[in-house]
Amino acid sequence: MKRAPSARKTGLTFFRFRKLAPPDLPEDQVGVCLLGVPFDLGSKVKGSRRGPGRIRKASNRLAFRCKDAPAFYSVEDRQLFVGDESVVDLGDVAVKGKRNPYHQVKMVVQSIPPGWVPVCVGGDHSLTLAILLGRVAPSERFTFVHIDQHFDLQVWGDFHRGKPRQLTWPTHANVVSHILQSFPLARLRQFGVQDFDPVRVESAQQARELVRYLNSAAQRVSDIELTSKSRQEVLEILPKGERVYLSVDVDVLPRYTVGDTGYSAAIGIPLHRLLDVVAGIIRHNEILGIDMMEFGSAGTQSRHGGSEIAAHLLLRLVSLVRESQMAPRPKAGRSAP
Ligand SMILES: [Mn+2]
56 MKRAPSARKT GLTFFRFRKL APPDLPEDQV GVCLLGVPFD LGSKVKGSRR GPGRIRKASN
116 RLAFRCKDAP AFYSVEDRQL FVGDESVVDL GDVAVKGKRN PYHQVKMVVQ SIPPGWVPVC
176 VGGDHSLTLA ILLGRVAPSE RFTFVHIDQH FDLQVWGDFH RGKPRQLTWP THANVVSHIL
236 QSFPLARLRQ FGVQDFDPVR VESAQQAREL VRYLNSAAQR VSDIELTSKS RQEVLEILPK
296 GERVYLSVDV DVLPRYTVGD TGYSAAIGIP LHRLLDVVAG IIRHNEILGI DMMEFGSAGT
356 QSRHGGSEIA AHLLLRLVSL VRESQMAPRP KAGRSAP
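Heads up, the sequence shown is in my numbering, so the first residue is 56 and it goes up one at a time.
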């Protein structure tokens with residue numbers, strides 16, 4: 056059998072989608088643009104900067120070998136998803152010298168025309184703040200859907216009136232607290248958080264303050280709750296008719312599925328359940344942007360199919376957004392409660 060030419064030589068893109076520089080995105084079109092954010096300075100466990108590259112490589116194994124455009128046959132959908140001119144790879148955000156990657160990520164995302172939905176691939180989770188700042192105005196009302204094994208809320212330091220008194224520098228461990236601070240009208244929905252999060256607290260008083268903060272910051276469904284529900288019950292608890300930014304941390308998947316992440320889950324939610332959740336969210340809401348973060352670190356990489364699973368999830372995210380762009384529903388009302 057003749058082998059396909061090396062993707063590296065031909066310029067590796069996600070799923071062999073067309074490569075385009077951000078300034079070349081047509082202003083008047085709708086589509087999906089993938090963007091790699093290959094940085095891990097917000098995590099103590101390094102390696103997620105290699106996430107976009109590893110997923111690009113794995114993603115090239117999912118496509119039909121088709122000369123005109125990458126095409127994917129879904130057994131479940133019984134149809135072909137074709138990566139036409141409405142799906143592009145913008146490459147990775149590049150940072151020269153000692154420039155701040157967060158600033159650069161924000162600038163690149165800001166340059167994406169409104170009709171194009173960015174699907175960013177990390178990188179560590181602190182980058183979600185930069186992506187959001189590039190995509191959403193601080194005064195906007197939207198729902199931040201956060202799928203993660205962890206709260207990513209700041210659970211250390213002093214609390215005052217049910218909130219952290221002062222946030223420390225943004226990292227993947229407190230990025231959601233920063234998002235709530237930067238976007239005061241954002242509503243937080245968390246899915247898949249592990250039931251007993253091992254938080255370290257100084258005193259019983261601090262523990263009570265913390266619980267108050269955790270309970271008031273978000274509506275939350277734990278990993279076990281999410282897993283024990285039926286598909287229909289899951290659909291019922293998802294937001295509908297809202298303007299949504301969707302952020303997925305791959306560490307919500309159990310370690311035996313994706314071990315290639317800094318703090319992998321002993322329990323987590325199964326891949327099929329994660330796919331139910333993202334499908335329900337993308338089909339029933341207006342999507343402002345998506346990211347998939349935290350893949351690539353840890354030493355268990357590439358022995359098993361972690362990168363293929365991440366690529367599978369990414370392809371689903373892209374095809375679901377395209378599906379909703381091609382069959383548009385009424386836009387979400389801005390006055391949604
Ligand atoms: Mn996270």
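Ideal Cβ placement from N, Cα and C applies to all residues, glycine included.
For clarity, every value in this text was computed on a predicted model and none was experimentally measured.
Between residue 188 and residue 161, the C-beta spacing is below 7 Å. Between the segment 283-292 and the segment 313-321 there are fewer than three C-beta pairs closer than 8 Å, too few to call the two in contact.
Contact between the segment 246-260 and the segment 205-218 is present: 3 or more CB-CB pairs across the two stretches fall below 8 Å. With respect to the 7 Å criterion, residue 230 and residue 207 are classified as neighbours on the basis of their beta carbons. For the set 360, 351 and 333, the Cα lying nearest the Cα of residue 375 is the one of 333.
Rounded to whole angstroms, the gap between the alpha carbons of residue 301 and residue 175 is 10 Å. For residue 215, the shortest C-beta to heavy atom distance toward ligand 1 is 6 Å or greater. CA-to-CA, the gap between residue 271 and residue 200 works out to about 16 Å. Remark: C-beta atoms of residue 342 and residue 299 approach each other more closely than 7 Å. By alpha-carbon distance to residue 285, the top candidate from 262, 329 and 138 is 329.
Here the distance from the Cβ of residue 367 to the nearest heavy atom of ligand 1 is not below 6 Å. Separation of the CB atoms of residue 142 and residue 90 is rounded to 12 Å, and the pair is thereby denied contact status at 8 Å. In chain order, the residues with a C-beta atom nearer than 5 Å to some heavy atom of ligand 1 are 180, 203, 207 and 304. For residue 302, the enclosing beta strand (DSSP E) starts and ends at 298-304. DSSP, read as helix, strand or coil, puts residue 252 in coil.
Boundaries of the alpha helix (DSSP H) around residue 186: 182-190. As summarised for the segment 234-283, the continuous beta strand (DSSP E) elements at least 3 residues long and confined to that stretch are 242-248 and 274-277, given in chain order. Taken atom to atom, the span from the alpha-carbon of residue 362 to that of residue 273 is near 30 Å. DSSP places residue 106 within a helical segment (H, G or I) once states are collapsed to three. The beta carbon of residue 340 sits closer than 8 Å to those of 198, 294, 295, 296, 297, 298, 299 and 387, all from its chain and outside the five residues before and after it, given in chain order. Taking C-beta atoms as the reference points, residue 281 and residue 324 count as a pair closer than 7 Å. Taking each of 278, 225, 234 and 215 in turn and checking the Cα distance to residue 266, the smallest one comes out for 215.
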